[in-house]
Amino acid sequence: AQTRVTVIPGDGIGPDIVKATLRLLDALECDFAYDEAIAGQTALDQGLDLVPQETLDMIEKNTVALKGPITTPVGKGFRSVNVTLRKHFDLFANLRPALSIPGVRSRYDNVDILTIRENIEGIYSGEGQMVSDDGERAELRSVITRKESKRLMRFAYEAAQRLGRRKVTVVHKANIMKSTSGLFLSVARSVAEEYPNIEHEEMIVDNCAMQLAMNPHRFDVIVTTNLFGDILSDLCAGLTGGLGLAPGANIGEHRGIFEAVHGSAPDIAGKGVANPTALMLGAGMMLEYLEMNEKAGRLRTAIRHVVGEGKVVTPDLGGNASTDEFTDELIKHL
Ligand code: NAI
Ligand code: MG
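The UniProt record's numbering puts the first residue of the sequence shown at 2, with every later residue one more than the last.
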């Protein structure tokens, strides 16, 4: 049967880069049927909830979703759309590959780091969020469970094995956050023992940030808790050419939501110059999730060629092509 993909155009540059990505998927003859769903500012503007029930139902029904970046209004008591979706669908692992593209100007060449970020616990679980009545004191709880940590570590080691990776670096702050980070680390150690052929390494997060900036080639797979993973994966994206090239996949037992790491970029929204590459690479991860590896390979090869050549690229990569011109060029190279 035809695969149905839920598509959330998102806010800001979202609709433009989603449209470009669907054009590329269609040019690859993926034969998907798309169901459009809305969330974020777009939903609020239509008088709906931030994440409307229909959107949840649609993601529930189709197993995969492609999501444009979403603006969550700040300081109005809204919980982030992304956090809501991740929790609701139990998308416990967030895969964020950072892979250099030869030809792209960046600080280092040949970086290839896969960050696997715990996606539903930690300080982003949103529990115990409170400001005292007098506004003088704020609180937020971090929760780590053995069950989630184990599920994430197993997922990470299985992914490392499947992808032929040699080393997993567990990033933590167990010296200070002895309870939460300590539990995460101890679970990591015991799961690592089940995978003797993959090197297990432990690193404290602040040192990890420094090592990433100084010597990114020493890293292979990084596994860490929610907040650290959020920050370190942006750092990794910065090492390989920036947010315009960084995809992310939110994976659960039965569902996947694929996206770009970057946000809705309000500063360039509506100008037709957003770089759709990150979302396109996210779509490539979706193709792999659906075991359409040949198409995923063609997508990636075309991107590496056109982006690496640097002639027809968007302004963030030093070119002057529009989103659509860049997409046309990719389609020529499929
Ligand atoms: P941002 O990622 O939207 O933008 C940061 C900078 O990178 C801006 O200068 C922007 O122009 C540039 N940029 C980002 N993506 C680009 C692309 N594809 N092509 C060219 N340039 C690009 O981060 P910011 O400004 O902090 O957040 C804006 C909004 O996005 C906020 O409402 C935030 O909540 C939301 N956001 C949503 C995310 C999601 O839905 N996954 C993730 C991060 C932020
Ligand atoms: Mg982030």
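Quick reminder that beta carbons are idealized off the backbone N, C-alpha and C, glycines included.
Beta-ladder partner(s) of residue i, from DSSP
i	result
residue 8	37 and 67
residue 340	No answer is possible for residue 340: the residues shown for the chain start at 2 and end at 335.
residue 293	Per DSSP, none; premise fails for residue 293.
residue 131	140
residue 204	172
residue 100	113
6 Å CB neighbourhood of residue i in its chain, flanking five on each side removed
i	result
residue 68	9, 258 and 260
residue 24	328
residue 204	170 and 172
residue 21	277, 324 and 328
residue 196	158
residue 66	7, 60 and 258
Pick from the options that is closest to residue i, judged by C-alpha positions
i	options	result
residue 112	302, 273, 290 and 242	242
residue 157	208, 142 and 98	98
residue 222	299, 207 and 193	193
residue 273	18, 92 and 94	18
residue 372	225, 165, 330 and 104	In this structure the chain extends from 2 to 335, so residue 372 is not present and cannot be described.
residue 31	207, 288 and 49	288
residue 143	65, 164, 125 and 82	125
residue 118	330, 233 and 4	233
residue 263	255, 290 and 231	231
residue 300	49, 185 and 26	26
residue 208	200, 3 and 220	220
Cβ shell of residue i (< 7 Å), same chain only, five flanking positions each side left out
i	result
residue 57	89
residue 16	10 and 69
residue 59	7, 36 and 38
Check: residue i C-beta below 7 Å from any heavy atom of the ligand SAM
i	result
residue 264	The ligand content of the structure shown is limited to the ligand NAI and the ligand MG, which means the ligand SAM is not among them.
Same chain, Cβ closer than 8 Å to residue i, five either side skipped, listed in chain order
i	result
residue 5	33, 34, 35, 36, 62 and 63
*asked:* Tell me whether the stretch 140-150 and the stretch 102-117 touch, counting them as touching only if at least three CB pairs, one residue from each stretch, are closer than 8 Å.
replied: no
_What ranges does the beta strand (DSSP E) occupy inside the stretch 217-272, keeping only unbroken runs of at least 3 residues that lie completely in it?_
222-225, 248-252 and 257-261
_Validate contact between the stretch 289-299 and the stretch 262-274 using beta carbons, cut 8 Å, 3 pairs_ = no
*Is it a yes or a no for the stretch 73-88 touching the stretch 276-292, going by three-plus beta-carbon pairs under 8 Å?*
no
*Touching or not, the stretch 39-53 and the stretch 309-323, by the rule of three or more beta carbon pairs under 8 Å?*
no
*Identify every run of the alpha helix (DSSP H) within the stretch 151-201, keeping only runs that are complete inside it and at least 4 residues long; order them along the chain.*
181-193
*Evaluate the contact criterion for the stretch 242-251 versus the stretch 204-215: three or more CB pairs, one atom per stretch, below 8 Å.*
no
*Identify every run of the alpha helix (DSSP H) within the stretch 302-327, keeping only runs that are complete inside it and at least 4 residues long; order them along the chain.*
none
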